[in-house]
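Student: First residue of the sequence shown? That's 8 in the working numbering, and the numbers climb one at a time after it. Please read through the structure below; I'll follow up with questions.
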Amino acid sequence: MEKKELIGLSKSEIEEEILKLGEKKFRSKQLWQWLYFRGETDFAKMTNFSKELREKLAENFTITRPKIVAEQLSKDKTRKWLLEFKDGERVEMVYIPEEDRGAVCISTQVGCAVGCKFCHTGSQKLTRNLTAGEIVSQFMVARDTYGEWPSPTNEVRYLSNIVVMGMGEPLHNQDNVIKALNILTDGDGIAISRRRVTMSTSGIAPKIVETLKATGVRLAVSLHAPNNEIRSQIMPINNRYPIEEVLKACQEYQAEDGSRYITFEYLLLDGINDSLENANELIRLMKKYHIRASFNLIPFNPWPGCCFKPSPSQKVKAFADALEKAGFAAPVRVARGQDILAACGQLKSKKDSEQ
Ligand code: SF4
C-alpha cells in the first residue's frame, strides 16, 4: 500500500489518521507540532513518541519536501528556487528580503490558464493544480533554507510574510489554496499571521469573498487598467469577469470589515495604460465604487519574446503623483531579482523549447 503524505493534511485529518492507528487524540496535536512547528522530516527524531509509534508512523506515512532542482541568489539577495514535485512537475518560488523581514512568494499551479499577455508564467499553459501539501511545502523549503524553524538560538524571523503571487491563479485552485492558507497560518504550527499573507488574484470575481472569509488573508487584485477596453486587451479573463464585477466583489469584501485595504497591482506598460488620463480614470473608478485602495505600481520587467515595453520613469512618476494627490498610496515597486528573472510576472518553470 502506498504511504500517505502528511504534509497538507488539516488538523482534523491528522487526528483521524492518529485515531486510525489506535493512538490517543493528543498525539495528533504533538504530530502537528513536529510537522508544522518544528519542521521535522524524520519520524525517528520525534522524541516524545514511543519507538512503536515512530515505527508505525514511518510504515504508514511520508513527510515530503519538493526537491530543489536549482537555486539562484540575486545581487540584491532575492532568492529563487526551482522546485520539483513527486511527478516531476516544477514551479518556482521566490524570497524577497527587506531589511528586517521578507516575503516568500509561493505558487499555486503548474503554469496558468489565465493567459495575461504581459506575464511570462501565462505563456506556459496550465499543467495541473498544486495540492494543499505542495503549496504548504514550498514555504517549508524556504524555512529549511534559512534555518527558521524554532530553536533556542533562533529568534529572528526573516520569512515574515507570504504572498500568493507566484505561478498560477489561486482562485482556479480554490479548495487547495484555502486548505493550504489555513495550515500556513495555524497558530500551533507555521503560524504566519493572517494579516501577513496576501493572496493575489487576476479577478475571479465569484470566488473572492468566499475565499477571503475562509482564510482571513489580505487581498491583492491584478487590475492593470482603468477600463474594460484596455484590461481585456492585456488580460483576456476580463471578458469573463469585467472590472465592475471584480470591484463589486471588492466592495462586498470591504463591507465585512472596514479596516481592510485592498491592494491593486498596476503594471505600467508604455503607451498602453500609463497616461495621466489613465490615472485619472482609475481614480474616478475607485471613487465610484468607494473602495479603500492602495496601489502597487509595478515597472514592467521585460522577458524574452514579450511585446510590451516598460513605461519611461517620468511617466511612472507622473502616474504615481496623480494617484497620491487623489489620496491613494501608490508606491512604485522596486523590481527585485531582475538579474535572475525572479521579478513579478517573470516566473516560469519550463524552457521555451519544452512547451
Ligand atoms: S499574471 Fe498571474 S493570473 Fe495572469 S497569467 Fe500570470 S500567473 Fe496567471
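The beta-carbon is built from N, C-alpha and C at its ideal position, and this holds for glycine as well. Quantities reported herein were computed from a predicted structural model and do not represent experimental measurements.
1) So which of His231, Leu60, Gly223, Glu272 has the shortest CA-CA distance to Leu26?
2) By the 10 Å Cβ neighbour count, where 16 or more other Cβ atoms means buried, how is Cys314 classified, buried or exposed?
3) Use the C-beta contact count for Gly95: other C-beta atoms within 10 angstroms, 16 or more gives buried, fewer gives exposed.
4) Looking at C-alpha atoms only, which residue of Gln261, Gly175, Val148, Ser301 is the closest neighbour of Arg45?
5) Which term fits Lys93, buried or exposed, when burial requires 16 or more other beta carbons within 10 angstroms of its beta carbon?
6) Is it the case that the CB of Gly175 approaches a heavy atom of the ligand SF4 more closely than 7 Å?
7) Assuming the contact rule is C-beta atoms closer than 8 Å, Val117 and Leu137 should be a hit. Round their C-beta distance to whole Å, please.
8) Report the rounded CA-to-CA distance for Thr128 versus Ser57, giving the unit in angstroms.
9) Tell me whether Glu61 sits in a helix, a strand or coil according to DSSP, three-state version.
10) Looking at the structure shown, is Gln258 part of a helix, part of a strand, or coil, going by DSSP?
11) Who are the near neighbours of Tyr296 in its chain, counting only those whose CB is closer than 6 Å to its CB and skipping five residues on each side?
12) Applying the 10 Å Cβ sphere with the 16-neighbour rule, what's the burial state of Phe33?
13) Note the first and the last residue of the continuous alpha helix (DSSP H) segment covering Ala120.
14) Following a CB-centred definition, is Cys123 positioned closer than 7 Å to any heavy atom of the ligand SF4?
15) Assuming Arg299 contacts Ile269 (C-beta within less than 8 Å), just tell me the rounded distance between them.
16) Given 7 Å as the limit, tell me if Thr128 has its C-beta closer than that to any heavy atom belonging to the ligand SF4.
17) With a threshold of 8 Å on Cβ separation, who are the neighbours of Ala329 within its own chain once the five nearest residues in sequence on each side are excluded?
18) I want to check one thing, is the minimum distance from the CB of Ser19 to the heavy atoms of the ligand SF4 below 7 Å?
19) Any heavy atom of the ligand SF4 closer than 7 Å to the Cβ of Cys119?
20) For Ala327, which residues in the same chain have their Cβ closer than 7 Å to its Cβ, ignoring the five residues on either side in sequence?
21) Give the secondary structure of Pro317 by DSSP, where H, G and I count as helix, E and B as strand, and everything else as coil.
22) Check for me: the alpha helix (DSSP H) holding Phe33 runs from which residue to which?
23) What residue does the beta strand (DSSP E) around Tyr102 start on, and which one ends it?
24) Can you name the start and end residues of the alpha helix (DSSP H) that Asn189 belongs to?
25) Relative to the C-alpha of Ser318, which residue among Gly344, Glu331, Asn280 is closest?
26) Which of the three DSSP states is assigned to Arg202 in this structure?
27) If you measure between the beta carbons of Lys316 and Asp277, is that distance less than 8 Å?
28) Under DSSP, the alpha helix (DSSP H) around Leu363 begins and ends at which residues?
Tutor: In brief:
1) Leu60
2) Result: exposed.
3) exposed
4) Put simply, of Gln261, Gly175, Val148, Ser301 the residue whose alpha carbon is nearest the alpha carbon of Arg45 is Val148.
5) exposed
6) yes
7) 7 Å
8) 47 Å
9) One point to set straight first is that residue 61 is Arg, not Glu, in the sequence displayed. Three-state result, Arg61: helix.
10) helix
11) Leu254, Gln258
12) exposed
13) For Ala120, no alpha helix (DSSP H) encloses it, and the DSSP letter there is neither H nor E.
14) yes
15) With 8 Å as the limit, Arg299 and Ile269 qualify as a contact, their Cβ atoms being about 7 Å apart.
16) yes
17) Leu283, Ala286, Asn287, Ile290
18) no
19) yes
20) Leu304, Ala337, Val339
21) strand
22) 33-39
23) Under the DSSP assignment, Tyr102 falls in the beta strand (DSSP E) whose first and last residues are 97-104.
24) That run of the alpha helix (DSSP H) goes 181-191.
25) For Ser318, the nearest C-alpha among the options comes from Asn280.
26) DSSP places Arg202 in helix when its eight states are reduced to three.
27) For Lys316 and Asp277, yes; Cβs fall inside 8 Å.
28) The structure shown does not extend to residue 363, since the chain spans only 8 to 362, so no value can be given for it.
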